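This report refers to the structure that appears directly beneath it.
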Amino acid sequence: MIPEYSLGLLVAFAATGIAFYALMRETDGLHRLLLTDLIEVASLAFIALIGTDLAEALILPGLVVGASELIALSEIYRVKEGYTRPPDAGLRIEVMESAPAILAALLVVYGIVLSGFSGGAVAGLGVIFYFLCCGHAERFALLETASGYSWVLWIVAFFIFMILPQYWFFAVMLSGSAILVKVMAKMSLIGTMRGGPNA
Amino acid sequence: MLDIGGDNLFVLEFGDILHYYTPYTATLFLVALIFTGLVIASRPEKQVDIAFGGDAYYAKETTLSEMRFRRFMAIACGLATMGAMGSGDLFNFTLFASLVGIANIGIVAAVKSRHVLDAAYEYGIVAMVATLPLFGGAALILATTGTLSIPALAAGGFAVPLVGKAFLALGVIGEGMAPFYAAKAEMFRAPGAPYVIMCSLSSLLIFLRVVEIVITI
Numbered sequence: 000m001i002p003e004y005s006l007g008l009l010v011a012f013a014a015t016g017i018a019f020y021a022l023m024r025e026t027d028g029l030h031r032l033l034l035t036d037l038i039e040v041a042s043l044a045f046i047a048l049i050g051t052d053l054a055e056a057l058i059l060p061g062l063v064v065g066a067s068e069l070i071a072l073s074e075i076y077r078v079k080e081g082y083t084r085p086p087d088a089g090l091r092i093e094v095m096e097s098a099p100a101i102l103a104a105l106l107v108v109y110g111i112v113l114s115g116f117s118g119g120a121v122a123g124l125g126v127i128f129y130f131l132c133c134g135h136a137e138r139f140a141l142l143e144t145a146s147g148y149s150w151v152l153w154i155v156a157f158f159i160f161m162i163l164p165q166y167w168f169f170a171v172m173l174s175g176s177a178i179l180v181k182v183m184a185k186m187s188l189i190g191t192m193r194g195g196p197n198a
Numbered sequence: 000m001l002d003i004g005g006d007n008l009f010v011l012e013f014g015d016i017l018h019y020y021t022p023y024t025a026t027l028f029l030v031a032l033i034f035t036g037l038v039i040a041s042r043p044e045k046q047v048d049i050a051f052g053g054d055a056y057y058a059k060e061t062t063l064s065e066m067r068f069r070r071f072m073a074i075a076c077g078l079a080t081m082g083a084m085g086s087g088d089l090f091n092f093t094l095f096a097s098l099v100g101i102a103n104i105g106i107v108a109a110v111k112s113r114h115v116l117d118a119a120y121e122y123g124i125v126a127m128v129a130t131l132p133l134f135g136g137a138a139l140i141l142a143t144t145g146t147l148s149i150p151a152l153a154a155g156g157f158a159v160p161l162v163g164k165a166f167l168a169l170g171v172i173g174e175g176m177a178p179f180y181a182a183k184a185e186m187f188r189a190p191g192a193p194y195v196i197m198c199s200l201s202s203l204l205i206f207l208r209v210v211e212i213v214i215t216i
């Protein structure tokens, strides 16, 4: 293969070796969970090394699998250690009072301009920041509904691609805006994850 | 091409991604289907423990919510296994295998017992670490041959790297690790057959399938 690929492969294998060695040495449960995330990153590097459009499409499910296993394991860890009390309100600094509205608005607008998956991530970042700073008296049901409907629109767009290919432009617009709303709604949930009665 | 599966019985194409069944994989698929049906139909077992040295015994109760969750996870595990049996795309196969791993964690972790949760946590870390060789193997094969399609790889003309094959097998062993935790009695002391048996069955099936893939490509 091309030398760049071999070089990258060498680095990825080295990273894997370091990560596994760290996991072997570590005995504390929580730290081992964190170290498995390091291994997930190395596996994403293996996929990214392919370096084609397909790699981009394969990283996403790899990332989802890693994230879902991490969430499941941290839930098991929480139950097994008996941590039930939510953490305290934590950090309060001045920038968290003044900045969120402007920064979140900028990020959301820029995300809408980008549209699609990356746009959803950028806009979602803005919403996360807003929720983190300005409390989270939001309605989970509403977020979930918006996310669900946009997912359906996304699937509808794919059916248009397959059944009525001549309307591809409409389908592109539909899937682009639907995935924007879906990713944004999902990511904004992260901003609310800091304990409290409904978290 | 070393053909251990027999002739194709059925091929369903979505562009370059396809599903196919040979007599070998169709048999495995049917086993998974039948057992998923059994899981849907049956009720959880009720374990009875006898207090040693006396006449006393106590029965373990499975709560309804726990039973529902474990049954859902067992059905999800069965569906993922069935998908892994029919998939003709290496990356889809790895995704189905990791889904089997996640569902196995869920089946075991629903039991609120410290010992069971400890075992489930250890198994979960192994399953999570195993995604590296699993995805890494598929990625290596894609990068060196340019395709993920199992029939295309089986047709020959590609030098499939041995490291890729070994990684794939290693990853599936990691994901299907649950039965090896049978040595840890805590995990299987949890009441709730037939759901726990789904762990063993799905692990066995994905392992049989990866053997077929590694020999064929």
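Listed in order, the protein sequences are those of chains Y and B. In this text, residue positions in the first sequence follow numbering that gives the first Met the number 0: the first is 0, and each later residue adds one. In this text, residue positions in the second sequence follow numbering that gives the first Met the number 0: the first is 0, and each later residue adds one. C-beta atoms are modelled at their ideal positions from N, C-alpha and C, and glycine is treated no differently. Quick caveat, the model's predicted, so the values are computed rather than measured.
CB of I212/B within 9 Å of CB of L27/B, strictly: no
Give me the residue from G52/B, L139/B and Y194/B with the minimum Cα distance to Y4/Y. Among G52/B, L139/B and Y194/B, the Cα nearest to that of Y4/Y belongs to L139/B.
Are the Cβ atoms of I111/Y and L179/Y separated by less than 9 Å? Note that the C-beta distance between I111/Y and L179/Y is below 9 Å.
Note down, in chain order, each residue of its chain lying with its Cβ closer than 8 Å to the Cβ of I74/B, except the 5 sequence neighbours on either side. T35, V38 and I39.
Going by the DSSP bridge assignment, what does Y19/B pair with across the sheet? V10/B
By the criterion of Cβ-Cβ separation under 8 Å, what are the contact partners of G28/Y in chain B? Y120
Any residues in the region 102 to 114 of chain B with a beta carbon nearer than 8 Å to a beta carbon of chain Y? Which ones, in chain order? The residues in question are I104, G105, A108, K111 and R113.
Where does the unbroken alpha helix (DSSP H) through D229/Y begin, and where does it stop? The structure shown does not extend to residue 229/Y, since chain Y spans only 0 to 198, so no value can be given for it.
Residues that A126/B contacts on chain Y, provided the C-beta gap is smaller than 8 Å: E68
Using beta-carbon positions only, say whether V121/Y and Y129/Y come within less than 9 Å of one another. Going by C-beta atoms, V121/Y is not nearer than 9 Å to Y129/Y.
What in chain Y is Cβ-close to F134/B, meaning under 7 Å? S42, F45, I46 and G61
Going by the DSSP bridge assignment, what does A58/B pair with across the sheet? The partner list for A58/B (beta bridge, DSSP) reads V47/B.
Can a CB atom of chain Y be found closer than 9 Å to the CB of L98/B? yes
So, for H106/B: in the same chain, excluding its five sequence neighbours on each side, which residues have a beta-carbon less than 7 Å away from its beta-carbon? Rather than His, the amino acid found at residue 106/B in this sequence is Ile. Taken in chain order, the residues that qualify are R69, M72, A73, C76, Y194, V195, M197 and C198.
Does T130/B come within less than 9 Å of chain Y when only Cβ atoms are used? yes
Is V23/Y buried or exposed, if buried means 16 or more other CB atoms sit within 10 Å of its CB? Checking the displayed sequence, the identity of residue 23/Y turns out to be Met instead of Val. M23/Y should be labelled exposed.
Proximity of I101/B and A126/B at Cβ, strictly below 9 Å: When the beta-carbon positions are compared, I101/B and A126/B come within less than 9 Å of each other.
For V171/Y, I'd like the list of residues in its chain whose CB is within less than 8 Å of its CB, leaving aside the five on either flank, ordered along the chain. A156
Between the region 101 to 126 of chain Y and chain B, which residues of the former have CB atoms less than 7 Å from a CB of the latter, in chain order? none
Cβ of T24/B within 9 Å of Cβ of M84/B? yes
Against chain B, which members of the region 148 to 165 of chain Y pass a CB distance test of less than 7 Å? none
I216/B to A56/Y span [Cα, whole Å]: 23 Å
Per-residue DSSP class, three states only, for S86/B: strand
Can you list, in chain order, the residues of its chain whose CB lies under 7 Å from that of F9/B, leaving out five sequence neighbours each side? Cβ contact annotation for F9/B (same chain, cutoff 7 Å, sequence separation greater than five): Y19 and Y20, in chain order.
Check the Cβ of E39/Y against every Cβ in chain B and list those closer than 8 Å, keeping chain order. M127, T130 and L131
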